[in-house]
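Heads up: the structure comes next, in structure tokens.
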Amino acid sequence: MNFLTPWFLWGALAVAGPVLFHLIRRAARERMPFSSLMFLAPTPPRTVRRRKLEHLLLLLLRCLCLALLACGFARPFFAKDNTLPAAPAAGRQLVLLLDTSASMRREGLWEKARAVAAGYLARTTPADAVAVMTFDDQPRTLLSFSEWSASPLDQRAALALARVGSDSPGWLGTDLGLALTTAGDQFRNSSAAGPPAGRQELILISDLQEGAQLDGLQGHDWPAALRVVVERVEGKAESNAGLEIVEPAATASPEAEIRFRVTNSRDSLKEKLRVGWKGGLPMEIYLAAGQTRTFQAPKLPVGQTTGVLQLSGDDVDFDNLSYFAAPEVEDIKIAYLGAEAAGDSAGLLYYLERVFPATPRRRVQLLACGTNATLAPELLASAALAILPARLAPEECAAVRGWLQGGKMALAVLTDAQSGPTLAALLGLPQVAVSEGGGDYALLGEIDFRHPLFAPFDDPRFNDFTHIHFWKHRRWEIPADTPARVLAKFDDGSPALAQIAVGKGNLLVLAAGWNPADSQLAVSSKYPPLMETMLEWSGGGAPARCQFRTGEALPAPVSSGATVQWQKPDGAQATLPAGAPFLETDAPGIYRAVAGGKERRFAVNLRLEESRVAPLPTDALARLGVPLGTAADAASAPKLHRERQLQRAEIESRQKLWRWLIVAALAITVVEILLAGGLARRVTTKEAIS
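Offset between the sequence shown (1-based) and our numbering: plus 131.
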């Protein structure tokens, strides 16, 4: 039995009234005959509390009457299973979005998050569709709607709990904006495969710390029926501070002072902290809550190129270490196989020597020699890039070609029309036709700005090459079936710069020189960045950075040649081809890359924003447009409730059981009146006889 207005059942508590009145009566205990009362003062009888109920049948009738009246006003009805069918929209779509960023590594937070998720899974119904996602700097789907629907009914919640239990917080940052928008799109994608559910709920389970990124939330198009519920998990009140080593400037020497940045959480109660190299004496710093400042670190022990900076004095230690790798000084050698003198301003070498200035982190050495075949192998062995401006002997061509096939890169400059045999020998072809170009001068008419060599110029401010005149250039045709890519063309359509694969390496062919007799290239603003990019692309340049954050890709130390052996802080190793970045930076520490017998080290640290663990106000999400309990997302649930109430009212109006209850209450009232009257007459008669 159901009740349309069940709150009237509280009226049944009125049955306590008859019971109370039956216990309390205003009557004398007994009568005694007395001769005369004229000399006594009248005294009314006192109220006596009886310990024993009398007239139980009368009491039951009165209580039953009140109970029937309460049930009648509650409007009871009988609802059969086929009378109130479940509406198609009765099921809901539910996405559990759990935070697995580094800030969730604090004690007890992940266990609380799993308990909250388990509570929601325990309350699901067979009509519900559930998906489970986790996020840090990228969202991941642990269980999709389709997997939930394909699982047996009695195993769905257990499967979702197992997926959640297999995951745990890592060391990456918190991109809350990307996670929420991606989870919101899950509802949109599932609705495209079928009718949308009447209720769509996104349950965000997170510590909701203020260091989270909220990009992408403003103006996002949320599903109309979606409601976002924030389940904040909180640990015990703790003061937290974090630090990171500041990336040294590109012009700083390896011996430059090391600086670090410390942030103190807004709700921190501690301002006195200590920072020092692990194993050394710490220095004391003072930092107020909510502030971030930069300090100078103590000197790194002599002879060490890596170190671990440690912070102490706060209550949480997941973010108290920062790793340091000293920037390396790169010695780069360029082989110049030309016969000209170094001080000859009319030659190519004169301008090449001046385009690579020495910096605190790089020293470029030009190894120039004549066309002596005995020197070429020794010269090439240590070179990162080779410049070939002259005709070479067959033995030299063979040595250079073997060097290229090992994964190296060279630039062949066609300085005259007799360069064809040298170019053919380098490419392993029978012949290549080279001739002098005609006209007063030529311009670059077409440039591939998608190639790494010209990518730095892919901007309207820098991509104008029309002011560079080429007084002389050579025309040549790329042989058929040659793996070549034309990077730039002259305005007559002939290749100006082409890239041709030679084994694992690459040969760049420039159809004109940069000396004043051939062109204005050496005196233009495009020449230095073009040659710098060429050197970096050859693998000779050191990576500009040595400090990285978790989740960032580490650049390969070489872009061509042999493979690179990577080693993570936990000892795990991976082998990648040259030029491929290392992407598995999922934990802080020192990463090592070995290529060509040389080791390079990278420091990877936790993002400083993860240390800002003070709670983010929930209304900050609402201000960015996240639907937190608004009328739009809550409209679907009341609609279902109203429809069900209308069905219940219709059934009750057909049955009208309340009428029979009222009739029964009236009948019992009549019986109670007759019974009470009979008992009253019996007492009166008894008193009269007495």
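Just so it is clear, CB atoms sit at the ideal spot from N, CA and C, and this is done for glycine as well. Just so you know, these numbers come straight off a predicted model, no measurement behind them.
- Only residues of its own chain outside the window of five on either side were considered, and among them Val495 have a CB closer than 6 angstroms to the CB of Phe487, listed in chain order.
- Around the beta carbon of Gln549, fewer than 16 other beta carbons lie within 10 angstroms, which makes this residue exposed.
- By the Cβ test, the stretch 416-432 is not in contact with the stretch 341-348, since fewer than three Cβ pairs between them sit closer than 8 angstroms.
- Note on Leu483: 16 or more other CB atoms within 10 angstroms of its CB, so buried under the neighbour-count rule.
- Comparing alpha carbon positions, the residue from Leu273, Val247, Asn371 and Ser669 closest to Ala466 is Ser669.
- Asp306 is bridged by DSSP to Gln344.
- Short of 7 angstroms from the beta carbon of Lys401, and not among the five residues preceding or following it, lie these beta carbons of its own chain, in chain order: Ser370, Gly444 and Asp445.
- The beta carbon of Phe713 is closer than 6 angstroms to those of Leu685 and Trp697 in its chain, skipping five residues each way along the sequence.
- Thr597 sits in coil when the DSSP states are folded into three classes, being neither helix nor strand.
- Per DSSP, Leu442 is one residue of the beta strand (DSSP E) stretching across Thr437 to Ser443.
- Taking the Cα positions, Gln435 is about 59 angstroms away from Ala356.
- Distance from the Cα of Ala541 is smallest, within the candidate group Tyr722, Leu639 and Trp645, for Leu639.
- With respect to Ala314, Pro270 sits close: the two C-beta atoms are nearer than 8 angstroms.
- Under the Cβ criterion (8 angstroms, minimum of three pairs), the stretch 231-240 does not count as touching the stretch 248-259.
- Contact holds between the stretch 565-577 and the stretch 610-624, because three or more Cβ pairs, one in each stretch, are under 8 angstroms apart.
- Excluding five sequence positions before and after Asp590, none of the CB atoms of its chain fall closer than 8 angstroms to its own CB.
- Sixteen is the threshold: when 16 or more other Cβ atoms of the shown chains lie within 10 Å of the Cβ of Arg358, as they do, the residue is buried.
- Nearest to Asp448 by C-alpha distance, out of Ala233, Gly569 and Ala734, is Ala233.
- Annotation for Ala556: Leu523, Pro525, Cys528, Ala529 and Arg532 place their beta carbon closer than 8 angstroms to its own, counting only its chain and skipping 5 residues before and after.
- Each of Thr305, Gly222 and Leu311 was checked against the Cα of Val263, and the nearest Cα belongs to Leu311.
- Here Asn451 is not bridged, per DSSP, to any residue.
- Taking 8 angstroms as the cut-off, the Cβ atoms of Thr425 and Ser742 do not count as close.
- Here the alpha carbon of Ala796 sits roughly 14 angstroms from the alpha carbon of Ala205.
- Our two residues, Ala420 and Leu404, have alpha carbons roughly 12 angstroms apart in a direct line.
- Inter-residue distance for Pro300 and Phe391 is about 26 angstroms (C-alpha atoms, whole angstroms).
- Membership of Met264 in any alpha helix (DSSP H) is not indicated; the residue belongs instead to the beta strand (DSSP E) covering Ala260 to Phe266.
- With at least 16 other beta carbons inside 10 angstroms of its own, Trp302 counts as buried.
- Minimum Cα-Cα distance from Arg397 among the listed residues Pro748, Ala780 and Ala798 corresponds to Pro748.
- For Ala281, no beta strand (DSSP E) run applies; the uninterrupted alpha helix (DSSP H) run containing it begins and ends at Phe276 to Ala281, by DSSP.
- Membership of Met540 in the beta strand (DSSP E) is indicated by the continuous run Met540 to Val544.
- Check the Cα spacing between Ala629 and each of Thr231, Arg606, Asn646 and Leu759: the tightest is with Arg606.
- In the displayed model, Pro626 falls within a strand according to three-state DSSP.
- According to the DSSP assignment, Asp750 belongs to no beta strand (DSSP E) but to the alpha helix (DSSP H) extending over Asp750 to Arg754.
- Sixteen is the threshold: since fewer than 16 other Cβ atoms of the shown chains lie within 10 Å of the Cβ of Lys409, the residue is exposed.
- Contact between Pro207 and Leu788 holds: their C-beta atoms lie close to 5 angstroms from each other, under 8 angstroms.
- Apart from the 5 residues on each side of it in sequence, Arg738 sits with its Cβ closer than 6 angstroms to the Cβ of Gly304 and Arg680 in its chain, given in chain order.
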